[in-house]
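Protein sequences appear in the order of chains D and W.
FYI, in numbering that gives the first Met the number 0 the residues of the first sequence are 0 to 166.
FYI, in numbering that gives the first Met the number 0 the residues of the second sequence are 0 to 166.
For every residue, glycine included, the Cβ atom is placed at its ideal position computed from N, Cα and C.
2 protein chains.
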Amino acid sequence: MARPYSYDPEVALEAAMHVFWRDGYDLASLSELQDAMGIQRGSLYKEFGSKKNLFLKAFDLYVKQFVNPGITMLTQSDSSGSERINQFFKMIPKHEMRGCLLCNSAAGAARTDSDVHQVVATQIERLRNAFEKALIKQTKDAKERRSEAERLTQLYIGKRVEIRAEA
Amino acid sequence: MARPYSYDPEVALEAAMHVFWRDGYDLASLSELQDAMGIQRGSLYKEFGSKKNLFLKAFDLYVKQFVNPGITMLTQSDSSGSERINQFFKMIPKHEMRGCLLCNSAAGAARTDSDVHQVVATQIERLRNAFEKALIKQTKDAKERRSEAERLTQLYIGKRVEIRAEA
DNA sequence: ATAATTGTTGACTGCTTGGTACATAAAACC
DNA sequence: GGTTTTATGTACCAAGCAGTCAACAATTAT
Numbered sequence: 000m001a002r003p004y005s006y007d008p009e010v011a012l013e014a015a016m017h018v019f020w021r022d023g024y025d026l027a028s029l030s031e032l033q034d035a036m037g038i039q040r041g042s043l044y045k046e047f048g049s050k051k052n053l054f055l056k057a058f059d060l061y062v063k064q065f066v067n068p069g070i071t072m073l074t075q076s077d078s079s080g081s082e083r084i085n086q087f088f089k090m091i092p093k094h095e096m097r098g099c100l101l102c103n104s105a106a107g108a109a110r111t112d113s114d115v116h117q118v119v120a121t122q123i124e125r126l127r128n129a130f131e132k133a134l135i136k137q138t139k140d141a142k143e144r145r146s147e148a149e150r151l152t153q154l155y156i157g158k159r160v161e162i163r164a165e166a
Numbered sequence: 000m001a002r003p004y005s006y007d008p009e010v011a012l013e014a015a016m017h018v019f020w021r022d023g024y025d026l027a028s029l030s031e032l033q034d035a036m037g038i039q040r041g042s043l044y045k046e047f048g049s050k051k052n053l054f055l056k057a058f059d060l061y062v063k064q065f066v067n068p069g070i071t072m073l074t075q076s077d078s079s080g081s082e083r084i085n086q087f088f089k090m091i092p093k094h095e096m097r098g099c100l101l102c103n104s105a106a107g108a109a110r111t112d113s114d115v116h117q118v119v120a121t122q123i124e125r126l127r128n129a130f131e132k133a134l135i136k137q138t139k140d141a142k143e144r145r146s147e148a149e150r151l152t153q154l155y156i157g158k159r160v161e162i163r164a165e166a
C-alpha cells in the first residue's frame, strides 16, 4: 500500500556501525554516514530518527556481533577459567586500527551524552561480570575475584586503546 | 618599545591545558579556550599560532606537571621496583572525571593528527620504559620484562580511561 | 484510472567551528 | 609630541555541521 524500501535497513545499519567504529561518534558526519549507508539524508532520518539514535542502534549491533562472542568465550564452561581468559586476550586483533567500538565509545561519546554513557557502562559491566565468572574456580575470595575482574577489564580497555592509538 | 602583555602567557597556557584536559581536543572550542584563558581571539592566535599549536604546548605543560613526576616515581631508586610500581598505581585519582590528558589524547586527537600522534606515542613509550626500568631487578629475562612493562602501561591507560568513562 | 500511502531526493536552514583582518590602544624611543 | 612597535578587541569569513521540508516517485487499494 506504499512505496517499498529501496535498501535494506539492516545492511545500512551495519554500514553505519563501521563508520562509527572507524571515526567515532563525533567525527562521523552525516554525509559520511549516508554515503556509506547508500541512502539519502531524508531516508536516514525517516528510518533512524537522529544521529544519536542511529549510533545507539549501531552500538547494539556491535554488541551482538562483537561483544557477545567475547562474553560467551569467557563464560562458557568447556575449558578452565584461566584458559578462557587467555583465549579472550589472544582474540584481540594486534593491528586493528579501529580498536573496539565499546572502548572507543567509553573514551569518547560516552562522556558527553548520558544515554550513550548508560549503554556503554552496561556493556563494560557485562564484561567485568564475565571475567568474574571465569575466575570463580581459581580465586575463591569474592572481593579479590571482583578486583581481579576489574583489573582484567581495565587491561582489556587499555590494550585496545593503545593498539588503536599506535596503529 | 611596544605595548606590554595584559596577561601572563604561561598562566593562559595552563588554563588552556585544563580545558583540553576536561573537554578533549575536538570538543574544546576556541570560544571556551579564550574564555578560560581570559584573552581575546586575536591575542590567542598572535601568541600561539593555531589551536593545534596551543594544544601541543598545553600537552608539553601537562607532561611537565603530571607525567614527569610519575616517571620519576617509577625510576627513582630509593625503594624496590615493585614498591614503586604499587606507589605509581596508588597515585591514580579514583574519581578524576578528566582522566589523564595523555590517555585521553591517545584515545582521541592522536588518531586524527600525526603531530599529536607523535608526541603522545613518545610519552607512552617513556612510560613503558619507566616500567621496564622499575622491573629490572625482579624480572631478569629482557623479553619478559618488556612484555610485562607493556602490560602495565596498558593497565594504566585502561584504568584511567575506565575511571573517566564511569565518572 | 485515480486516490491514498509511504519511501526518496536534494536543496535549504540556522548554527558553530577554526581562522583572519583591521582599526585601536598602550607602551618606548627620539 | 610624534613615530614606531606590538598587543588588544571585534567584526567578519568560508566551511562544515545536524537536522528539516516539500516536491517527487513507486507501490497498493478501489
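Any C-beta of chain D sitting closer than 9 Å to the C-beta of Lys89(W)? no
Excluding the five sequence neighbours on either side, which residues of its own chain have a C-beta within less than 6 Å of the C-beta of Ala105(D), listed in chain order? Val119
Residues within the segment 89 to 108 of chain W neighbouring chain D, beta-carbon criterion of under 8 Å: Flagged, chain order: Cys102, Asn103, Ala105, Ala106 and Gly107.
Among Phe88(W), Gln33(W), Tyr6(W) and Glu9(W), the one whose alpha carbon lies nearest that of Lys18(W): In the sequence as presented, Lys is not what sits at residue 18(W); that position holds Val. Answer by Cα proximity: Gln33(W).
Note down, in chain order, all residues in the segment 145 to 160 of chain D with a beta-carbon under 9 Å from any beta-carbon belonging to chain W. Glu149, Arg150, Thr152, Gln153, Leu154, Tyr155, Ile156, Gly157, Lys158, Arg159 and Val160
What does the alpha-carbon distance come out to for the pair Arg150(W) and Ala133(D)? 20 Å
Indicate the three-state DSSP secondary structure (helix, strand or coil) for His94(D) in the structure shown. coil
Do the segment 31 to 45 of chain D and the segment 85 to 92 of chain D meet, that is, are 3 or more Cβ pairs less than 8 Å apart? Contact between the segment 31 to 45 of chain D and the segment 85 to 92 of chain D is absent, because fewer than three Cβ pairs lie under 8 Å.
For Thr121(D), decide whether its Cβ has a neighbour in chain W, counting only Cβ atoms nearer than 9 Å. no
Rounded to whole angstroms, what is the Cα-Cα separation between Ile70(D) and Ser42(W)? 53 Å
Proximity of Tyr44(D) and Met16(D) at Cβ, strictly below 9 Å: When the beta-carbon positions are compared, Tyr44(D) and Met16(D) stay at least 9 Å from each other.
Could you check which residue in Arg40(D), Glu9(D), Pro3(D) and Lys51(D) has the C-alpha nearest to that of Thr111(D)? Lys51(D)
Leu55(W) - DSSP class collapsed to helix/strand/coil: helix
I believe Ile135(W) touches Arg144(W) by the beta-carbon criterion, under 8 Å. Please report the beta-carbon distance rounded to the nearest angstrom. 7 Å
Alpha carbons only, please: which of Gln122(D), Lys142(D), Lys63(D) and Glu13(D) is nearest the one belonging to Leu37(D)? First, the amino acid is wrong: residue 37(D) is Gly here, not Leu. Closest by alpha carbon: Glu13(D).
Determine whether the Cβ of Leu26(W) lies closer than 9 Å to any Cβ atom of chain D. Chain D contact via Cβ: present.
Pick from Asp25(W), Met0(W), Ser76(W) and Ala57(W): whose alpha carbon is nearest that of Pro8(W)? Ala57(W)
Alpha-carbon spacing of Thr138(D) relative to Glu147(D), whole angstroms: Approximately 9 Å, taken between the alpha carbons.
Which residues of chain D have a Cβ atom closer than 7 Å to the Cβ of Glu165(W), listed in chain order? Ala120
Does Lys136(D) come out as helix, strand or coil in the three-state DSSP assignment? coil
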